[in-house]
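Okay, so the sequence shown: first residue is 1 according to this note's numbering, each after it adds one.
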Amino acid sequence: MDVTAIQQQGPLERFLGEDVLISNRQKLNISRYVQLEILDIAIPENEQREEEAAMHTFPVDDTQFYAQLLYLQHAEADSHKASVYSLLFSPAFFDQYPPEVLMANMPFRFDQVSELEFPFCSQTRMLLEQLQENNNLPPLIKYLKLNETVLHLLRRALLCATQQQTLSCHVPTCRFLAYESEREKVMEARNIIEQQLDKPLTIRELSRKVAMNECYLKKGFKALIGQTINDYQQELRITKAKELLQQQGQSVSYVAAALGYSSISHFSTAFKKATGLKPCELLA
1 MDVTAIQQQG PLERFLGEDV LISNRQKLNI SRYVQLEILD IAIPENEQRE EEAAMHTFPV
61 DDTQFYAQLL YLQHAEADSH KASVYSLLFS PAFFDQYPPE VLMANMPFRF DQVSELEFPF
121 CSQTRMLLEQ LQENNNLPPL IKYLKLNETV LHLLRRALLC ATQQQTLSCH VPTCRFLAYE
181 SEREKVMEAR NIIEQQLDKP LTIRELSRKV AMNECYLKKG FKALIGQTIN DYQQELRITK
241 AKELLQQQGQ SVSYVAAALG YSSISHFSTA FKKATGLKPC ELLA
């Protein structure tokens, strides 16, 4: 299996989503074994995307495989602009290690393609920023530093995936819920979402309001509420939209504005995606 074959598997396309627009992409061969690609993307205004991370593996034979790490990181000033980092590790990279080491306690199988999600945290963000640092280091030192960063990212991904395999909760995202004060922060986040349907917040904004780590907030919310923050927020907005349209007979333009959508078309797209109907079909 070569890089083209892997691309045909479509993990990057699934990770990006159907409506995401790519404005720029750059590739860098960090070594003969590791390829980095950075994509600048625009997320539709009617969608909220969490920062996320995933690992995909593609077996070649019993002990050989490609591994791909994917990260989505928001731009500082605009949650609808983001960068996607793709790190592809070839079988030759893993050939550096004894087979018995590779086969021991791996968090995936070698006989099938696998996909594992893991938390996106502040340390991950720092490491990704290091991949784009533009300094005046001599080329060899620059590439050595890039290799160190890449290895750190791979180690963290494998560690997270291994812990997910052995714990009933994902790394250590549920242990903190033993504290009432932390559970209260999650519930406060839910209340804020419910009170601000007209001004939906990003995960980063919400985490700052409740003074909680983004990664913990996302996992804690899913554990206590049973849905991701984005899914919960979107479900409430669509439910409210149905009420305004069907029971109160409000116009589509009024509902779109009342629920914080940037345009009628963005609202209509989100509504049809969630319900299978156009907003005008529910008008009283």
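Just so it is clear, CB atoms sit at the ideal spot from N, CA and C, and this is done for glycine as well.
Bridge partners of His56 according to DSSP: Gln68 and Glu115.
Beta-bridge analysis with DSSP links Lys81 to Ala42.
Within the model, the alpha-carbon separation for Ala241 versus Ala270 is close to 11 Å.
With 16 or more other Cβ atoms inside 10 Å of its own Cβ, Lys185 counts as buried.
For Leu206, the CB contacts under 6 Å within the same chain, skipping 5 residues up- and downstream, are Ala189 in chain order. Contact between Ser268 and Pro279 is confirmed by a C-beta separation of about 6 Å, below the 8 Å threshold.
Assigned with DSSP and collapsed to three states, Leu244 falls in helix.
Short of 7 Å from the beta carbon of Asn147, and not among the five residues preceding or following it, lie these beta carbons of its own chain, in chain order: Ile30 and Ser31. Counting C-beta atoms within 10 angstroms of its own C-beta, Tyr97 has fewer than 16 neighbours from the protein chains shown and is therefore classed as exposed. Using a 10 angstroms sphere on the CB of Ile41, the tally of other CB atoms reaches 16 or more, which defines it as buried.
Taken through DSSP and simplified to helix, strand or coil, Glu13 comes out as helix. Closest by C-alpha distance to Glu214, out of Pro99, Gln26, Thr124 and Phe93, is Thr124. A distance of 9 Å or more separates the beta carbons of Leu244 and Val150. Secondary structure at Arg25: strand, using DSSP grouped into helix, strand and coil. For Ser253, the enclosing alpha helix (DSSP H) begins and ends at Val252 to Ala258.
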